[in-house]
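Read in order, the letters of the sequence shown correspond to residues 113 to 425 in my numbering.
All C-beta atoms in this analysis are idealised placements derived from N, C-alpha and C, irrespective of residue type, glycine included.
Okay, structure first, notes after.
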Amino acid sequence: MGRAAETESRARTPRRAFMGRRKSPRTRPGDCIRSHRRGAVMSDRPESQAGLPSAARADRDLALLARDELRPVRLLLEYLKPELALQDRGVEATIVVFGSTRLVDRDNALRAVDEARTNHDALRDAASEQELRACERRLASAHYYDVARDFGNLAARKDGLTVVTGGGPGLMEAANRGASEAGAPTVGLNIALPFEQASNPYLTPELSFEFRYFALRKLHFVQRARALVAFPGGYGTLDELFDVLTLVQTGKQSPLPIVLVGRQFWDRALDLDFLVDEGLIRQEDRQLVSYAETAEEIWNVIQAWHPSGETEG
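Encoded structure:
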């Protein structure tokens, strides 16, 4: 091929053939992000970790809050949640009512007796006989439900006082029910237990609390208390009663009226005269409690203890 032909051939050949492979344009910062937003799929991009437990905010990480090391945080939260709610509702002075969850109104007590009798007639064993006797005894104590209900209603009508119970069924329900029927707010301090203890339906919704720790629950019982009213009950009632008695006896709690409802029951369940005779408590310790039978008597004891107006917040 002559020089002239070679020159002509080069003129017809595309310029790219002489330049070789074109270089890719230089990637600028942010290009990969922009291309991803336009829908490009990047197979080597790691998936988001937003859903992993370790990525959760600390205050929303329930597994973290459940650790033993976080117990101080749980204690603080368990104190502050009801404390702030009570402050927001202006609850400053309370009447605390304790009593058995098993003592119910007369209609329910009668039904329980009928069921126990039917069961005993079918089984005729010692266990069913014992249950029948227990139901009959609870029926004989059903009037305490009415007393607690009447007292809750009476106390709730006093300016500045709020009825507080353990929030459960039975006599606690009765006191909350009476206060609710008076149109007043009423508080329940329930406790999470291995067996179910549902809150009763008469609590003010924003004043119904469930506790994990007995200690914080007991603190809220006494912190605003102007009086303690204890109806017949079992271990839980006795525990709460003795806790307040010990606090008052040792000066850790300001003195307040402690009213035991149903003297016939309490003289058998709690023989304070025996403790005095044995030299285990002093006579003045014996005087820490008073007795009453009706809602009006309970209120009269409380009113006689406090100078006029001191029960108010």
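Requested in this report: Using 10 angstroms around the beta-carbon of G264, count the other beta-carbons present and answer buried if the total reaches 16, otherwise exposed.
Outcome: buried
Query - Cutoff 6 Å; reference R128; Cβ partners in own chain excluding five residues on either side - result: Any reading at R128 is ruled out, since the residue's pLDDT is 48, under 50, leaving its predicted position unreliable.
Query - Where R336 falls, given that 16 or more other Cβ within 10 Å makes a residue buried - result: By the neighbour-count definition (other C-beta atoms within 10 Å, threshold 16), R336 is a buried residue.
Report task. Please confirm whether V388 and R398 have their CB atoms less than 8 Å apart. Result -> yes
Query raised in the report: Which value, in whole angstroms, describes the spacing of the CA atoms of A260 and A407?
Result: Distance between A260 and A407, taken at the CA atoms: about 7 Å.
Query raised in the report: In this structure, what does DSSP give as the bridge partners for G300?
Result: T277, S320
Requested in this report: Could you tell me the distance, in whole angstroms, from the CA atom of L192 to the CA atom of P158?
Outcome: 41 Å
Requested in this report: Would you mind reading off the limits of the beta strand (DSSP E) that contains A205?
Outcome: Taken as a continuous stretch (DSSP letters only), the beta strand (DSSP E) holding A205 covers 205–210.
Query - Cβ shell of Q395 (< 7 Å), same chain only, five flanking positions each side left out - result: Cβ-Cβ distances below 7 Å link Q395 to V388 in the same chain, with the five nearest sequence neighbours on each side left out; the list follows chain order.
Query - Closest by C-alpha distance to G290, when choosing among A268, I303, P306, G282 - result: A268
Query raised in the report: How would you label T298, buried or exposed, when you count the other beta carbons within 10 angstroms and need 16 or more for buried?
Result: buried
**Report entry** Residues near V401 in its chain [Cβ-Cβ closer than 6 Å; skip 5 each side]
**Finding:** I370, L372
Query raised in the report: Could you give the residue range of the beta strand (DSSP E) that holds Y403?
Result: Note, Y403: beta strand (DSSP E), 401–404.
Query raised in the report: Can you tell which of I303, D233, V276, L305 has its C-alpha closest to the C-alpha of S292?
Result: The residue from I303, D233, V276, L305 with its alpha-carbon nearest to that of S292 is V276.
Query raised in the report: Going by Cα to Cα distance, which pick from K330, L315, A167, P367 is closest to D355?
Result: K330
Query - K364, buried or exposed, once every other Cβ within 10 Å from all chains shown has been counted against 16 - result: exposed
Query - Beta-carbon proximity check, T213 vs G282, cutoff 8 Å - result: yes
Query raised in the report: To which residues of the same chain is I410 closer than 7 Å at the C-beta, ignoring the five residues directly before and after it?
Result: F263, V341, V371, V373, A404
Query raised in the report: In angstroms, rounded to a whole number, what distance separates the CA positions of R245 and I303?
Result: The alpha-carbon atoms of R245 and I303 are separated by roughly 29 Å.
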